[in-house]
Amino acid sequence: MKKWILFFLLLGVTLQGATRAQFNLSNLDLEAGIDFDVGQLIESYGKDTYFIGAGFLTTNDGAGYQMVTANVYMESEVSNFDAIRMGFGLKLVMTQVGANSFLAVPVGMHVDYRVPNTNELLLVTGKAYYAPAPLSIGAASSYIEGRIGVAVEPVENMRGFVEYRVIFTNFDAIVDPFLFNSTLYIGARVGF
45 MKKWILFFLL LGVTLQGATR AQFNLSNLDL EAGIDFDVGQ LIESYGKDTY FIGAGFLTTN
105 DGAGYQMVTA NVYMESEVSN FDAIRMGFGL KLVMTQVGAN SFLAVPVGMH VDYRVPNTNE
165 LLLVTGKAYY APAPLSIGAA SSYIEGRIGV AVEPVENMRG FVEYRVIFTN FDAIVDPFLF
225 NSTLYIGARV GF
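Note that the sequence shown covers residues 45 to 236 in my numbering.
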């Protein structure tokens, strides 16, 4: 696990344009990720931002599952309603559960709603990703991920949050839906 944390720190230093680094922690799980704003490479881009990134999730619930992700997505404010910011994109998800290798490319979206009339920037957040069988490779049959939470941004480019996450990595060999992870966690996201 220390190797992965070091990898993401070095990746952030190498990119030096990474706009977001995120760290989540619960009593059993650790998740880290970094996103690079590709729009910074283009001199004139609008309010839409395009990101590429990578992440790592490790669980310590007795099974010790680990998941590696890579993502690409677009994010923008909703026209005529600047309290909502939405993102759409793809993710590459890789993990191993017993003898079953899992690889999927879920399609997803996320939403940030800024609550009006709050002293600090208060947000309600949500994410959903889904990969049906055609987007699941090898032993994987489908992928489902959902997150919902509340965040506060007391300082620009610094966010603290509490979220709930549920992830199903479904396999051809396992009949029932396979609950990969379900937890409530706290985290921080820093922009730089």
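Built from N, CA and C at the ideal position, the CB exists for glycine as well.
{"query": "Nearest-angstrom Cα separation, counted from G190 out to I230", "result": "16 Å"}
{"query": "Closer than 6 Å: Y157 CB and nearest the ligand FAD heavy atom", "result": "Only the bare structure without any ligand can be found here, which leaves the ligand FAD out of the picture."}
{"query": "Bounding residues of the beta strand (DSSP E) (the contiguous stretch that carries S187)", "result": "Just to set this straight, residue 187 is Tyr in the shown sequence, not Ser. Y187 -> beta strand (DSSP E) spans 184 to 199."}
{"query": "Within 7 Å, strictly: CB atoms of G204 and T63", "result": "no"}
{"query": "Reference G152; option with closest CA among V116, Q140, I128, N225", "result": "V116"}
{"query": "Nearest residue (CA-CA) to A114, options S123, T139, S185", "result": "T139"}
{"query": "Close-in-space but distant-in-sequence residues of the same chain around H154 (CB under 6 Å, 5 per side omitted)", "result": "G131, K171"}
{"query": "L101 - DSSP class collapsed to helix/strand/coil", "result": "strand"}
{"query": "Classification of M111 by the beta-carbon crowding that lies within 10 angstroms, buried from 16 upward", "result": "buried"}
{"query": "Contact set for T169: own chain, Cβ-Cβ below 6 Å, skip 5 residues either direction", "result": "D156, G193, A195"}
{"query": "Top-ranked residue by Cα proximity to V12, from F215, A76, L167", "result": "The shown model of the chain, from 45 to 236, leaves out residue 12, and the question about it has no answer."}
{"query": "Nearest-angstrom Cα separation, counted from I188 out to S180", "result": "11 Å"}
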